[in-house]
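Novice: So the sequence lines, in the order shown, correspond to chains A and B. Each residue of the first sequence is one higher than the last, beginning at 313 in our numbering. Each residue of the second sequence is one higher than the last, beginning at 804 in our numbering.
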Amino acid sequence: ETGVTQSPTHLIKTRGQQVTLRCSSQSGHNTVSWYQQALGQGPQFIFQYYREEENGRGNFPPRFSGLQFPNYSSELNVNALELDDSALYLCASSLGGRRSYNEQFFGPGTRLTVL
Amino acid sequence: GESVGLHLPTLSVQEGDNSIINCAYSNSASDYFIWYKQESGKGPQFIIDIRSNMDKRQGQRVTVLLNKTVKHLSLQIAATQPGDSAVYFCAENMGEQTGANNLFFGTGTRLTVIP
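This is the structure in structure tokens:
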């Protein structure tokens, strides 16, 4: 186990709805990254938070947004859900921020299904 | 964008044999590569990493080789065991390009170990 937890485990939503996914980072880690993994694909980087600030973003629209809290836990929010948003959402925690190559520890993911 | 790919989507090996999983990358400026193992229902698990100033790195039963001339990465697993059955991803850290410690993953190779 990596010490990274995510909730909920599974979630079913309908198109147009909004969803919030949560991640608790490993103790002592100040950086959280979020990834989207479609079925049969590798994870795609969404964004990263370092000490409560966004520290890089992948090619995802603004309806994907996030937060990091003072305890370094994080939320991923997705508005106006689309069918293609159905995926496994992974968060990874690490120590360090900008240009830090410290190991990223992944949580088990949240499986989101959009109907 | 994503610049990491894999040569083979599936690989089957006999228990006890050695496994070799290959990966190509396109960004010659990338300087950090990681191999992850992902079992069904779990997040990616770190296996081994290598920086671009190295050609080879060994861990427990695993070896990563980096050929910068042809932009190729490989993961060798010695004496493959049934517990090694999983999907394996190579990932490229684009931190020097993006300023964030984010990873670009390939599609993955599914390794099946035949008892």
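All residues carry an ideal CB built from backbone N, CA and C; glycine is no exception. None of the values given here were measured: they were computed from a predicted structure.
Please determine, among B:Lys845, B:Lys871, B:Gly844 and B:Leu878, the residue with the shortest C-alpha to C-alpha distance to B:Arg860.
Specialist: Of the candidates B:Lys845, B:Lys871, B:Gly844 and B:Leu878, the one whose C-alpha sits nearest the C-alpha of B:Arg860 is B:Leu878.
Novice: When burial is assigned at 16 or more other CB atoms within 10 Å of the CB, is A:Pro355 buried or exposed?
Specialist: buried
Novice: By the three-class DSSP mapping on this structure, what secondary structure does A:Leu395 have?
Specialist: helix
Novice: Spatial neighbours of A:Gln329 within its chain, please: C-beta separation below 6 angstroms, excluding the five flanking residues on both sides.
Specialist: Correct list, in chain order: Leu393.
Novice: Could you confirm whether any beta carbon from chain B is found closer than 7 angstroms to the beta carbon of A:Pro355?
Specialist: yes
Novice: Taking CB distances under 7 angstroms as the criterion, tell me whether B:Gln817 reaches chain A.
Specialist: It does not: the Cβ of B:Gln817 has no partner Cβ on chain A nearer than 7 angstroms.
Novice: Report the rounded CA-to-CA distance for B:Leu809 versus A:Tyr384, giving the unit in angstroms.
Specialist: Since pLDDT at B:Leu809 reaches only 45, below the 50 mark, its modelled position is unreliable, and no value is offered.
Novice: By a C-beta neighbour count over all protein chains shown, 10 Å radius and 16 as the cutoff for buried, is A:Thr422 buried or exposed?
Specialist: buried
Novice: Between B:Glu805 and B:Thr910, what straight-line distance do the alpha-carbon atoms span, to the nearest angstrom?
Specialist: Below a pLDDT of 50, predicted positions are generally treated as unreliable, and B:Glu805, at 38, falls in that range; the measurement from the model is reported next regardless. Going from the Cα of B:Glu805 to the Cα of B:Thr910 covers about 10 angstroms.
Novice: In its own chain, which residues sit with a C-beta less than 7 angstroms from the C-beta of A:Ala350, not counting the 5 before and 5 after it?
Specialist: Ala399
Novice: Would you give the residue range spanned by the beta strand (DSSP E) that B:Ala827 belongs to?
Specialist: Ser822 to Tyr828
Novice: Using a cut-off of 9 angstroms between C-beta atoms, extract the partners of B:Tyr835 located in chain A.
Specialist: One finds Tyr413 in chain A with Cβ atoms closer than 9 angstroms to the Cβ of B:Tyr835, taken in chain order.
Novice: What number of angstroms, rounded off, separates the C-alpha of A:Leu424 from the C-alpha of B:Asn856?
Specialist: 40 angstroms
Novice: Take A:Thr321 as the anchor and find which of A:Val426, A:Leu427 and A:Gly419 has the nearest alpha-carbon.
Specialist: A:Gly419
Novice: Express the C-alpha separation of B:Arg854 and A:Ile358 in angstroms, rounding to a whole number.
Specialist: 24 angstroms
Novice: Excluding five sequence neighbours on each side, which residues of the same chain lie with their C-beta closer than 8 angstroms to the C-beta of A:Pro382?
Specialist: So the list reads Glu364, once near-sequence residues are dropped.
Novice: Considering A:Gly408, what are the terminal residues of the beta strand (DSSP E) in which it resides?
Specialist: Judged by DSSP secondary structure, A:Gly408 falls outside any beta strand (DSSP E); it is assigned neither H nor E.
Novice: Give every residue of the same chain whose Cβ lies closer than 7 angstroms to the Cβ of A:His341, excluding the five residues on either side of it in the sequence, and list them in chain order.
Specialist: The answer, listed in chain order, is Tyr384, Ser405, Ser406 and Leu407.
Novice: Listed in chain order, which residues of the segment 392-408 of chain A have Cβ atoms closer than 8 angstroms to some Cβ of chain B?
Specialist: Leu402, Ala404, Ser406 and Gly408
Novice: Just verifying my parser: in three-state terms, what is the DSSP assignment at B:Gly886?
Specialist: helix
Novice: Is there a Cβ of chain A sitting closer than 7 angstroms to that of B:Pro847, yes or no?
Specialist: yes
Novice: Would you give the residue range spanned by the beta strand (DSSP E) that B:Val873 belongs to?
Specialist: Segment: none, B:Val873 is in no beta strand (DSSP E) and carries neither H nor E.
Novice: Classify B:Ser843 as helix, strand or coil using the three-state DSSP reduction.
Specialist: coil
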